Amino acid sequence: MKGSRDRLTAVLMLTPSLILVGIFVYGFIARTFYTSLTNWGSDPAQALARNPVLRFVGFSNYRELFTGFIDVRFRQDLVNTFFFTLFFLLGCLLIGLTLAILLDQDIRGEGVFRTIFLFPMSLSFIVTGTVWRWLLQPRGGVNVLPTLVGAEPLEFRWLTSRNQVWQFNWQDLPVYTGALVAVVLAWLLLSAWRQRRRGRVVAALVSLLFILGWTVGGTPGIELLPYPETHGFNLAFIGIIAAAVWQMSGYTMALYLAGLRGIPVELREAAQVDGASGLQVYRYVVLPLLQPITLSAMIILGHISLKIFDLIFAMAGADNATTDVPALLMYLTTFRGNQFAKGAAIAVVLLLMVAAVIVPYLWSSLKSEVRR
Amino acid sequence: MRKFIVLLVTLVVGLAYADGQLEIFSWWAGDEGPALEALIDEYNALYPDVEVINATVTGGAGVNAKAVLKTRMLGGDPPDSFQVHAGQELIGTWVVADRMEDLTFLYDEQGWFDKYPPGLIDLLSTEDGIWSVPVNIHRSNVLWYNPAVLENLSVPVPESWSEFLVFCPDIQAQGVTPLALGENWTQQHLWESVALGVLGPQDYTALWSQQLAMNDPKMINVWDTFGEILACTNEDAAGLSWQQATDMVVSGEAAFNVMGDWAAGYMNTTLQLEPGTGFGWAPAPGTGGVFMMLSDSFGLPQDVTNRENVLNWLRLMGSQEGQDIFNPLKGSIAAHLDSDLGLYNAYLQSAAADWKSDAVVGSLVHGAAAKEAFMSQFATVLEIYLSSGSAQAAANAAEAIANQVGLGS
Amino acid sequence: MTRRRGRLAWLPYLFLTAAALLFLVPVYLVVITSFKDPATINLATTWQVPERWYWQSFREAWQLLAPKLLNSATLTVFATVLSAMMGSMNGYVLSKWRFRGANILFPLMLFGMFIPYQSILIPLFQFLRDLNLYGGIPGLILVHVVYGLPITTLIFRNYYAEIPDEMVEASKIDGASFFGIYRHLIFPLSLPGFVVVIIWQFTQIWNEFLFAVTLTKVESQPITVALAQLAGGEAVKWNLPMAGAILAALPTLLVYILLGRYFIRGLLAGSVKG
Chain A
0 MKGSRDRLTA
10 VLMLTPSLIL
20 VGIFVYGFIA
30 RTFYTSLTNW
40 GSDPAQALAR
50 NPVLRFVGFS
60 NYRELFTGFI
70 DVRFRQDLVN
80 TFFFTLFFLL
90 GCLLIGLTLA
100 ILLDQDIRGE
110 GVFRTIFLFP
120 MSLSFIVTGT
130 VWRWLLQPRG
140 GVNVLPTLVG
150 AEPLEFRWLT
160 SRNQVWQFNW
170 QDLPVYTGAL
180 VAVVLAWLLL
190 SAWRQRRRGR
200 VVAALVSLLF
210 ILGWTVGGTP
220 GIELLPYPET
230 HGFNLAFIGI
240 IAAAVWQMSG
250 YTMALYLAGL
260 RGIPVELREA
270 AQVDGASGLQ
280 VYRYVVLPLL
290 QPITLSAMII
300 LGHISLKIFD
310 LIFAMAGADN
320 ATTDVPALLM
330 YLTTFRGNQF
340 AKGAAIAVVL
350 LLMVAAVIVP
360 YLWSSLKSEV
370 RR
Chain B
0 MRKFIVLLVT
10 LVVGLAYADG
20 QLEIFSWWAG
30 DEGPALEALI
40 DEYNALYPDV
50 EVINATVTGG
60 AGVNAKAVLK
70 TRMLGGDPPD
80 SFQVHAGQEL
90 IGTWVVADRM
100 EDLTFLYDEQ
110 GWFDKYPPGL
120 IDLLSTEDGI
130 WSVPVNIHRS
140 NVLWYNPAVL
150 ENLSVPVPES
160 WSEFLVFCPD
170 IQAQGVTPLA
180 LGENWTQQHL
190 WESVALGVLG
200 PQDYTALWSQ
210 QLAMNDPKMI
220 NVWDTFGEIL
230 ACTNEDAAGL
240 SWQQATDMVV
250 SGEAAFNVMG
260 DWAAGYMNTT
270 LQLEPGTGFG
280 WAPAPGTGGV
290 FMMLSDSFGL
300 PQDVTNRENV
310 LNWLRLMGSQ
320 EGQDIFNPLK
330 GSIAAHLDSD
340 LGLYNAYLQS
350 AAADWKSDAV
360 VGSLVHGAAA
370 KEAFMSQFAT
380 VLEIYLSSGS
390 AQAAANAAEA
400 IANQVGLGS
Chain C
0 MTRRRGRLAW
10 LPYLFLTAAA
20 LLFLVPVYLV
30 VITSFKDPAT
40 INLATTWQVP
50 ERWYWQSFRE
60 AWQLLAPKLL
70 NSATLTVFAT
80 VLSAMMGSMN
90 GYVLSKWRFR
100 GANILFPLML
110 FGMFIPYQSI
120 LIPLFQFLRD
130 LNLYGGIPGL
140 ILVHVVYGLP
150 ITTLIFRNYY
160 AEIPDEMVEA
170 SKIDGASFFG
180 IYRHLIFPLS
190 LPGFVVVIIW
200 QFTQIWNEFL
210 FAVTLTKVES
220 QPITVALAQL
230 AGGEAVKWNL
240 PMAGAILAAL
250 PTLLVYILLG
260 RYFIRGLLAG
270 SVKG
């Protein structure tokens, strides 16, 4: 009997936390979602009223964000986030992995090196942003470095350049999506072929042909915008990416290093006995074993980069349109533009993007834990 | 640890019994700070028991401060008194939301009705009352230059934008930037002077009541001219503050700069330059005889804890003495009509004379002309122009936003 | 371990040293700029060591930022301790008193640490206003405790999972109660767990910006907001923000250098599986 009382106590002790998280996470998200379906902010008399009277308008805020003429900035912000995430991940993973492998060579003074690579991680994005803002001043910092060896200073406007590369038409997005899906399907087809699983081969082939047909046929059924709209990668992001990689690549290094240390020595030795060279050991033994770590790192870094806010705020300011991201736009839309409902809609889109990355990860890692 | 608990207790208690405080919220930090500090010193001398909290948020034209102010209001913790531009920024944001207290009684008590220009009081009023006390008048459409530099370049002060565009290549050929420009909001600031210069005061004013459409052919002309002018500016504009843009003129890196007359305060008070010799000024090209005004004002939000302290602050700020302490340092002219012009420098005396004789229009960027909902989205219009380079696209976007927010109503 | 043979042994050192120098470039720039006389700062001499070391910037930055540092310290200490204690209790329950539904509740709770806080910001305002907690440090402490719960719970849960269940069972048989087991068995073993959690929460809360900038007023501003203000202002004298950046970074940097081992453990724990 006592055991069941203790069990009750246990649940009771957990309850306050559950209630708090329930309200502060799920209650508030629900509330934000509701707000995003109203017209809060479109009538100035209600925007900042003490008890605003709101009207339910359905998904019109979302429709405006994705198709509205004047919300082009939001769509560019999505593109910005995509490229930022891509290069930030690549940079962190490559540098992190390289440093970890180098440190794994039985290095004297490993502790010192590790401390140096990891210390930016302990700083706040605000400190990093402040420092890099100075480093990337248009007529100072990095740009005058060449003058130290007598060369001409660089002219690049790190944070304010309006140059855009890899431009594409927003209307073509379905085509790119189709092509991407086709590539994935082709890969599935190939692996099914190798494994000689006929059923899968047929299924993959049929869907591949369907997607190819749909894509080549001009993606019928989907029209994102009634007029062409160009988006691309803003070069002004290069500096932001560099600062973010500087701050976070030490973290991936630590993850990889922990992974490398977890690989049994016998495995590597066995490979060497079999005549594998140092490089081959890495290529065929070590790297495959590090794959789960790469996935974890991608997800942790990915959700950070989708949410990125403070770094850009401190580095380029909230107003700098060429380095804008949805998290900043939400802040500006809500608190400067008084468009609360639209700000809430941006926040919901942001949340969905993060959830798309995080939920499967939480799901799979906890499922494997239960199995264990 | 004890220390922290003590601090925490004082904080909590301080929130509950903050009778002896007055929190003044503004964006007058850094170089714009001394004027406000002088006024606060005067307040402290008059009311030594009140602790004044000078809450400033950096960022020119209040770009950051306005966001922070809204978080304060939403959080139910308004500052005791806050800086707000006279006009739509006050009326269209805070008065319509029923957040301000009517100050008509204060105007009666202080006899202010005939101490301020009637047109200015109109900007602060609705049918239901008067909602703030103006502290100054700034002019937005001023062209700044360094006389010595112009002489070297042998370029005259342009009287119209087309004249400026004629000289632009000459100036560039001499290795000097024709027009210094700064970050985002200063580009909007330049735009409003270009619009006024191209359209003239009637059409400019007609924009804000939607009597002139934002996509009228005249507006296409404005955007095209704006584009040509942008080609005469420094490439690193977006990374510079307005002071750094002003610095370019002072140092001779640039020939001209369009900025509000707080630039005179900066050059005179901070850089110690003499008006007339150290720096010169003229109305922005094509805007001679027109005074594009903005006015900083302070009001009394509802539900503040220190109401009496705020009223005393407003009494001081609205008085002739208070305004003559503040404005010579700030680089603006007093809103109060009894102001003693002898205290002001040569630039401000000339501005005061223009204020009396010129046609007056309101500034867009600084809250006087249009609803804040339009103004805050104007950045998007500018962004569309800068990224697409299409005057038509920008004009269409402006018209769409004007319709969306009901600009004319 | 693969032992590098002979001739190429220096190669990793070369790369590592080069990388380390690159990583330290920003540090070099911050330090020299913060020690320069503002009058001598100009863009062309950015990289040169100051001719005369100038300490005044630190005094000035200290005067400006000391109250904000104190705000941050108060906030961080209270929020860290509270969230660590609650996390320890939660971790204990979730690892040693598994009940039905826990496998659903726990991931739901964990999700809270990944959300972009923009998505709860607007209701958070209304909530804090209704509780009369907006604008001050107590409100901010509450917010940080709540949003810190998922990670502290996670770290303690994984940490306590290492304590053999048999020990708990044995205590139960000996008649120890829920709290008795916590006090006499679990808590005494918790010190390393607390160190990891406290370091993690300390750096997170000290470095946080979004809540700090939206939920405070000037008197209760934490250091990150004050620093962003200092650097984001108009005509910036760069010596001051650089000195300020050093002051703002020092506490977390010291924690990291002194307790780096645990810091890394916290980092790794942040990737869910631990």
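Residue numbers (numbering that gives the first Met the number 0), protein chains in the order written: chain A, 0 to 371; chain B, 0 to 408; chain C, 0 to 273.
Every residue, glycine too, gets a C-beta built ideally from N, C-alpha and C.
Because the structure is a prediction, the values reported are computed rather than measured.
- When the Cα atoms are used, S35 of chain A and A346 of chain A turn out to be separated by approximately 9 Å.
- At the C-beta level, A247 of chain C and I307 of chain A stay beyond 9 Å of one another.
- Counting only runs of 3 or more residues that sit fully inside the segment 194–274 of chain B, the beta strand (DSSP E) segments are 253–258, in chain order.
- By a beta-carbon distance limit of 8 Å, G366 of chain B does not contact E158 of chain B. Their separation comes to about 28 Å.
- Sequence-distant partners of L209 of chain C (beyond 5 residues in either direction) whose C-beta falls short of 6 Å from its own C-beta, in its chain, are Y116.
- Here K355 of chain B is exposed. Its C-beta has fewer than 16 other C-beta atoms within 10 Å.
- In this structure, A235 of chain A sits near L158 of chain A, with a CB-CB distance shorter than 9 Å.
- The beta-bridge partner set that DSSP reports for I129 of chain B consists of B:S124.
- Approximately 18 Å separates the beta-carbon atoms of T251 of chain A and G110 of chain A; this is outside 8 Å, ruling out the contact.
- Taking 8 Å as the upper bound for CB-CB distance, N233 of chain A and Q163 of chain A are in contact here, some 6 Å apart.
- Contacts with chain A (Cβ-Cβ distance below 8 Å) from the segment 345–376 of chain B involve K370, E371, A372, S375 and Q376, listed in chain order.
- The beta-carbon separation of V217 of chain C and I52 of chain B, rounded to 7 Å, stays under the 8 Å limit for a contact.
- In the structure shown, Y384 of chain B adopts helical secondary structure according to DSSP, grouped into three states.
- Listed along chain B, the residues sitting closer than 7 Å to P137 of chain A by beta-carbon distance are D235 and G238.
- At a beta-carbon threshold of 8 Å, the residues of chain A lying near W93 of chain B are L47, ordered along the chain.
- Take the alpha-carbon of I114 of chain C and the one of A354 of chain A: they are about 8 Å apart.
- A buried status is given to E182 of chain B, since no fewer than 16 other beta-carbon atoms sit within 10 Å of its beta-carbon.
- The residue from A:F334, A:I303 and A:Y330 with its alpha-carbon nearest to that of I357 of chain A is A:I303.
- As DSSP reads the structure, E108 of chain B sits in no beta bridge.
- Shortest Cα-Cα distance from I292 of chain A to any of A:L254, A:L204, A:Q45 and A:D70 involves A:L254.
- N79 of chain A and L351 of chain A have their C-alpha atoms some 17 Å from each other.
- Membership of A281 of chain B in the beta strand (DSSP E) is indicated by the continuous run G279 to P282.
- DSSP assignment within the segment 236–268 of chain A yields the following whole alpha helix (DSSP H) runs of 4 residues or more, N-terminal first: 236–260.
- Nearest CB-CB separation between P119 of chain A and chain C: below the 9 Å threshold.
- Using beta-carbon distances, Y330 of chain A counts as an interface residue toward chain B, with a partner under 9 Å.
- Counting other Cβ atoms within 10 Å of its Cβ, E191 of chain B reaches 16 or more and is therefore classed as buried.
- Going by beta carbons, L102 of chain A and F118 of chain A fall outside the 9 Å limit.
- Judged by DSSP secondary structure, M291 of chain B falls within the beta strand (DSSP E) whose first and last residues are V289 to L293.
- Shown here for S56 of chain C: same chain residues with a beta carbon closer than 6 Å to its own, the five before and five after excluded, namely S33, N238, L239 and A242 in chain order.
- At the C-beta level, F201 of chain C and V144 of chain C stay beyond 9 Å of one another.
- No Cβ-Cβ contact shorter than 9 Å links E382 of chain B with T92 of chain B.
- For T66 of chain A, the enclosing alpha helix (DSSP H) has its first and last residue at S59 to T66.
- Taking 7 Å as the upper bound on Cβ-Cβ separation, chain B lies near no residue of the segment 102–126 of chain A.
- Out of B:N311, B:A254, B:L105 and B:D30, the CA that lies nearest to the CA of G174 of chain B is found in B:A254.
- For L178 of chain B, DSSP records a beta bridge to B:T232 and B:F255.
- V62 of chain B sits away from G298 of chain B, with the two beta carbons spaced by 9 Å or more.
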